[in-house]
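Enquirer: Quick note: to get the working numbering, add 270 to the position in the sequence shown (first position is 1).
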Amino acid sequence: MVRGSGAYDGEYRVMVAPQLIDDAYLAANPTRVCVDDQGGIVGFASLLVPGRGVAGEAELDFMFVADDRQGHGIGRALMDDVVAISREMGVERLHIVSHPPSEGFYRSVGAVRVGEIPPTGRITWPRPLLRLDIAVNGTGR
C-alpha cells in the first residue's frame, strides 16, 4: 500500500521507496490497521513513542489510506485511534511530519503547523511539521 500510493508518484516516490514495515517494526511501534469487509487492508497508521526522544510525546510515523478509499472517513477513524492510543500511553503531544499534499487533512483533525523540516538527502523539498495536542484528561482532542 505504501509504495503503491498515488500520493507518492513522481518526485515524492523517493520518500517511500526504502520503507519497510515488517514484523519487527510492528512489534516495536503501536499500529492500527483498517480492513474492509473482505479483510483487505485499506489503511493504517503507526506511532513512534517517545517521539523525538521526549517523554510525553509521540510522532506519527505512517498514515496511509488506499487511494480508492480516501474521502470515506478512514483517515479520520485512524486519527481517532491514534489519539486514543496516545492518550492511553500518556502522550500529550503528537508530532506529524506531513507529506505536503496531506497537510490540509492533518489541519482538519486539529493539528497546527509549527514549522518545516528542511530538505535532506533524497528528499529535496521542505515538509510541513505539525503538532496535535492531546488532552490526557479526556477533554479536547
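Just so you know, even glycine gets a beta-carbon here, dropped at the ideal spot from N, CA and C.
Looking at chain C, is there any beta carbon in it that lies within less than 7 Å of the beta carbon of Leu330?
Expert: Absent from the structure: chain C. Only one protein chain is present.
Enquirer: With C-beta atoms as the reference, is Ser356 less than 7 Å away from Ile387?
Expert: One-based indexing of the sequence shown puts residue 356 at position 86. One-based indexing of the sequence shown puts residue 387 at position 117. Taking 7 Å as the Cβ cut-off, Ser356 and Ile387 do not qualify as a contacting pair.
Enquirer: Can you find the residues in the same chain that come closer than 6 Å, C-beta to C-beta, to Phe332, ignoring five residues on each side of it along the sequence?
Expert: For the purposes of this step, residue 332 is taken as the residue at position 62 of the sequence shown. Only Ser316 meet the Cβ criterion.
Enquirer: Assuming Leu348 and Arg302 are in contact, meaning their beta carbons sit under 8 Å apart, how far apart are those beta carbons, in whole angstroms?
Expert: In the sequence shown, counting from the first residue as 1, residue 348 sits at position 78. In the sequence shown, counting from the first residue as 1, residue 302 sits at position 32. 6 Å between Cβ atoms; contact.
Enquirer: Counting along the chain, where does the beta strand (DSSP E) carrying Asp307 start and finish?
Expert: Here residue 307 is taken as the residue at index 37 of the sequence shown, counted from 1. That residue, Asp307, is in no beta strand (DSSP E); it is neither H nor E in DSSP.
Enquirer: Grab the span of the beta strand (DSSP E) containing Ile366 for me, first residue to last.
Expert: As a position in the sequence shown, residue 366 is number 96, starting the count at 1. Looking at the DSSP string, the run of the beta strand (DSSP E) that includes Ile366 is 363-367.
Enquirer: Determine, using beta carbons only, whether Glu362 and Gly326 come nearer to each other than 7 Å.
Expert: Your numbering for residue 362 matches position 92 in the sequence shown. Your numbering for residue 326 matches position 56 in the sequence shown. Against a cut-off of 7 Å, the Cβ pair of Gly326 and Glu362 comes out as a contact.
Enquirer: Verify whether the separation of the beta carbon atoms of Val319 and Ala328 is less than 7 Å.
Expert: By one-based count along the sequence shown, residue 319 stands at place 49. By one-based count along the sequence shown, residue 328 stands at place 58. Yes, Cβ-Cβ distance for Val319 and Ala328 is below 7 Å.
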